[in-house]
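Note sheet for the following structure.
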Amino acid sequence: MSETRVWTANEATTDEQQSTTDREREHVCPECGGSLVTDSEHGETACRECGLVVEEDEIDHGPEWRAFDASERDSKSRVGSPTTQMMHDKGLSTTIDWQNKDAYGKTLSSNQREKMQRLRTWNRRFQTRDHQERNLRQALGEIDRMASALGLPETVRETASVIYRRALEDDLLPGRSIEGVATSALYAAARQAGVPRTIDEVARVSRVEEEEFKRTYRYVVRELNLEVAPADPVSYVTRFASELELSDEAERLARELLDAAKERGIHSGKNPVGLAAAAVYAAPLLTNEQVTQKRVSDVADISEVTIRNRYRELLNAYDDADQAVAA
DNA sequence: ATGGTTTTTACTGCGTC
DNA sequence: GACGCGGTAAAAACCAT
9 MSETRVWTAN EATTDEQQST TDREREHVCP ECGGSLVTDS EHGETACREC GLVVEEDEID
69 HGPEWRAFDA SERDSKSRVG SPTTQMMHDK GLSTTIDWQN KDAYGKTLSS NQREKMQRLR
129 TWNRRFQTRD HQERNLRQAL GEIDRMASAL GLPETVRETA SVIYRRALED DLLPGRSIEG
189 VATSALYAAA RQAGVPRTID EVARVSRVEE EEFKRTYRYV VRELNLEVAP ADPVSYVTRF
249 ASELELSDEA ERLARELLDA AKERGIHSGK NPVGLAAAAV YAAPLLTNEQ VTQKRVSDVA
309 DISEVTIRNR YRELLNAYDD ADQAVAA
């Protein structure tokens with residue numbers, strides 16, 4: 009899988025660095041041998057004779073947004089955020105031309121020139137002062153986008169934006185990416201709201217690499233003294249169960265297993281996601297549904313080994329609890 | 001930096017379909 | 001023979017100090 013990606017990447021670079029002779033060769037129509045003419049504006053090369061369009065859109069007009077799997081995400085996430093592309097000029101802000109000409113190309117009177125100069129000054133001030141605003145707006149846009157992708161409610165987005173603002177005010181941004189901090193804010197907010205998403209889930213919809221995300225998250229939590237309690241394993245059960253298409257009975261059992269484990273204090277120090285994964289693996293065993301460790305491992309992003317270790321503990325704790333009840 | 005704990009990776013053997 | 005499961009050892013990641 010990664011083979012393919014590397015291959016593609018290599019192709020792309022060699023393409024870009026293609027020698028002029030190679031380019032020359034491509035200026036002959038493969039269909040009729042006629043000469044090709046390139047319309048650079050549209051990045052389209054067509055044959056003058058037969059009209060065959062050889063290459064459409066060879067020029068990259070913008071970033072690739074969509075990633076269809078993990079490896080594509082890796083290769084595409086290098087692109088920046090939309091706003092770096094959309095910076096003021098492409099967006100809504102106005103730029104005032106430096107030439108002292110009006111719209112018809114006539115030169116302006118000295119009176120008008122002074123006026124324009126003042127406008128330019130204000131425009132520039134406005135734009136620089138706006139820098140923080142834009143930063144914030146982009147971050148909030150990112151938070152919104154990711155929250156939607158993760159199905160997180162409005163309240164979580166609000167919490168996330170509050171966290172982000174605090175990070176901004178405390179000068180935590182210099183040295184980190186807007187996306188990274190935005191991602192971290194959202195992850196923290198979701199956990200605080202009791203609707204946690206796994207690190208993998210969040211990383212999957214984020215534009216930053218998982219490593220950077222985790223690093224930034226730790227940093228933000230520390231610097232802002234955020235109080236983020238360990239996630240409750242139960243809060244993952246519903247999602248995992250539905251992804252695995254478990255019966256309601258099994259899902260209920262999974263919660264029960266976790267409750268039993270909680271009472272026995274199996275928890276401390278263990279990854280809550282691992283516990284949840286183990287529960288949604290163990291529960292269907294008891295209800296005679298077939299779910300493989302592999303499937304759970306894929307859904308929860310937890311290794312099969314960990315699932316094995318945890319689910320034994322879960323079942324033991326459950327049995328103990330049973331006996332306690334019976335006695 | 002360090003040490004202790006947890007998780008992952010990689011490899012193995014065993015039983016079943 | 002592939003698949004699911006289980007165990008193990010060593011590496012890696014994580015966390016508090």
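Take the first sequence: its letters are residues 9 to 335, numbered as in this note's numbering.
Positions of the beta carbon are idealized from the N, C-alpha and C atoms, including for glycine.
- Only buried fits R165, as 16 or more other CB atoms lie within 10 angstroms of its CB.
- Each of E235, Y289, A308 and R145 was checked against the Cα of A201, and the nearest Cα belongs to E235.
- Cβ-Cβ separation between A308 and A284: approximately 7 Å, consistent with a contact (criterion under 8 Å).
- When the Cα atoms are used, A197 and T167 turn out to be separated by approximately 6 Å.
- Taking the Cα positions, A287 is about 28 Å away from T191.
- In the DSSP assignment, L265 falls within the alpha helix (DSSP H) that extends over D256 to E271.
- For the set Q301, I207, A175 and A332, the Cα lying nearest the Cα of F221 is the one of I207.
- Apart from the 5 residues on each side of it in sequence, P204 sits with its Cβ closer than 6 Å to the Cβ of A198, A239 and S243 in its chain, given in chain order.
- Assignment of T129 by DSSP, reduced to helix, strand and coil, places it in the helix class.
- For the options R184, R247 and A268, the alpha carbon positioned closest to that of Q331 is the one of A268.
- In this structure, the alpha-carbon of P280 lies about 14 Å from that of T246.
- Secondary structure within the stretch 156-222: not one fully enclosed beta strand (DSSP E) run of 3 or more consecutive residues is present.
- Cβ contact annotation for S214 (same chain, cutoff 7 Å, sequence separation greater than five): M154, E187, T191 and F221, in chain order.
- By alpha-carbon distance to G273, the top candidate from M124, E321, K123 and A157 is E321.
- Annotation: V299 to Y289 spans about 7 Å, alpha carbon to alpha carbon.
- Per the coordinates, the alpha-carbon of R303 lies some 26 Å from the alpha-carbon of V216.
- Taking a C-beta distance under 8 Å as the contact criterion, G282 and R318 qualify as a contact pair.
- Residue state for L252 is assigned as coil, using DSSP reduced to three classes.
- Inter-residue distance for N233 and R173 is about 14 Å (C-alpha atoms, whole angstroms).
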